[in-house]
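**Student:**
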Amino acid sequence: MSSQRHEFVRFALEQGVLRFGEFKVKSGRISPYFFNAGLFNSGASVGALAQFYAQALIDSGVEFDMLFGPAYKGIPLSTATAIALAQHPDLAKDDVPFAFNRKEAKAHGEGGTLVGAPLQGKVIIIDDVITAGTSVRESVEIIRAAGAEPAGVLIALDRMERAGADDQLSALSAVQEVSNTYNMPVISIASLNDIMAYLADNSELAAHQQSVAAYRHQYGI
Ligand code: OMP
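Note that UniProt numbering numbers the sequence shown so that position 134 is 134, with each residue one more than the last.
1) Under three-state DSSP, which class holds ALA107?
2) Go ahead and label TYR72 buried or exposed: buried means 16 or more other beta carbons lie within 10 angstroms of its beta carbon, across all protein chains shown.
3) Mapping DSSP to helix, strand and coil, what is VAL62?
4) What are the boundary residues of the alpha helix (DSSP H) that includes SER170?
5) Can you find a heavy atom of the ligand OMP that lies under 7 Å from the Cβ of PHE40?
6) Where the beta carbon is closer than 7 Å to any heavy atom of the ligand OMP, which residues qualify, in chain order?
7) Let me make sure I understand the geometry here. Which of PHE100, ALA48, GLN120 has the alpha-carbon closest to that of GLY112?
8) Do ALA37 and ASP128 have their C-beta atoms closer together than 8 Å?
9) Only counting the same chain, and skipping five residues up and downstream in sequence, which positions put a Cβ closer than 7 Å to that of GLU177?
10) Terminal residues of the continuous beta strand (DSSP E) containing VAL212?
11) Taking the alpha helix (DSSP H) that PHE11 falls in, what are its first and last residues?
12) Given a threshold of 16 other Cβ atoms within 10 Å of its Cβ, counted over all protein chains shown, does PRO70 qualify as buried or as exposed?
13) Which residue from PRO118, SER135, GLN120 puts its Cα closest to that of residue 222?
14) By how many angstroms is the C-alpha of GLN4 removed from the C-alpha of LYS122?
As structure tokens, this is what we get:
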């Protein structure tokens with residue numbers, strides 16, 4: 001596991017963002033772990049999170065012109081990551097624009113649902129976790145409607161879970177389906193693989209290893 005992935009799992013655990021236990025997730029599955037990005041809720045933790053996003057994006061080698069953060073969680077994520085990119089030594093000369101959407105259109109003032117830089121060129125969609133990919137579809141439609149090109153999705157955690165209902169599981173994960181459907185890469189800071197590697201290396205967390213492995217066996221790719 002690259003040190004960035006390992007460090008990110010450690011950071012998410014320290015911040016209480018990654019937890020082990022029993023959690024009902026959006027799909028209705030009972031997951032032995034949950035990643036709650038809303039708990040990156042202080043200046044220092046969002047700043048550190050944004051540096052992880054920026055580094056994962058740069059390491060991916062994917063070309064991009066700007067960031068788009070779908071409301072609501074994508075709003076601070078796109079803002080903070082644009083700041084981290086502006087401060088990154090490898091991108092020192094580039095000032096990366098960003099935009100986000102409102103959930104409700106505004107009829108007064110500047111109007112519309114888009115805020116920030118005009119959507120143009122190659123756009124990276126930034127989000128926290130992909131489960132079914134619902135919010136990605138909306139973002140792709142917004143970006144295309146503006147005449148720009150969705151160039152990739154940048155997420156914090158790939159849960160590596162199969163898409164579809166439990167009695168009709170897809171051979172592909174939700175992330176792979178998103179990537180195939182929209183013909184663009186999905187870049188993640190870390191994945192379930194990295195969480196499992198971290199558990200295997202840390203004896204005080206060994207108790208969770210079995211439940212996470214069993215969950216992955218049932219639903220994972
Ligand atoms: P999609 O937009 O359908 O891909 O769902 C993503 C959502 O899954 C997130 O916005 C969360 O509400 C939720 N989620 C997490 O944030 N972390 C997890 O570890 C698991 C889930 C989930 O419910 O599957």
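Cβ atoms here follow ideal geometry from the backbone N, Cα and C, with glycine treated the same way. These numbers come from a predicted model, not from an experiment.
**Tutor:** In short, the structure shows the following:
1) Coil at ALA107, not helix or strand.
2) TYR72 counts as exposed, since fewer than 16 other C-beta atoms from the protein chains shown sit within 10 angstroms of its C-beta.
3) In this structure, VAL62 counts as coil in the three-state DSSP scheme.
4) Element bounds for SER170: n/a, residue is neither H nor E.
5) Checking the Cβ of PHE40 against the ligand OMP gives no.
6) Result: VAL25, LYS26, SER27, SER31, TYR33, PHE34, PHE35, ASN36, ALA37, LYS73, ASP128, VAL129, ILE130, THR131, ALA132, GLY133, THR134, SER135, VAL136, LEU157, ARG159, ALA174.
7) Closest by alpha carbon: PHE100.
8) Between ALA37 and ASP128, the gap from beta carbon to beta carbon is short of 8 Å.
9) Result list for GLU177: GLY133, ALA163, SER170, in chain order.
10) Careful: VAL212 lies outside any beta strand (DSSP E), inside the alpha helix (DSSP H) at 209 to 219.
11) Unbroken alpha helix (DSSP H) run through PHE11: 3 to 14.
12) Buried, since its Cβ has 16 or more Cβ neighbours within 10 Å.
13) Outside the shown range of the chain, which is 1 to 221, sits residue 222, and nothing can be said about it.
14) Spanning the two alpha carbons is a distance of roughly 25 Å.
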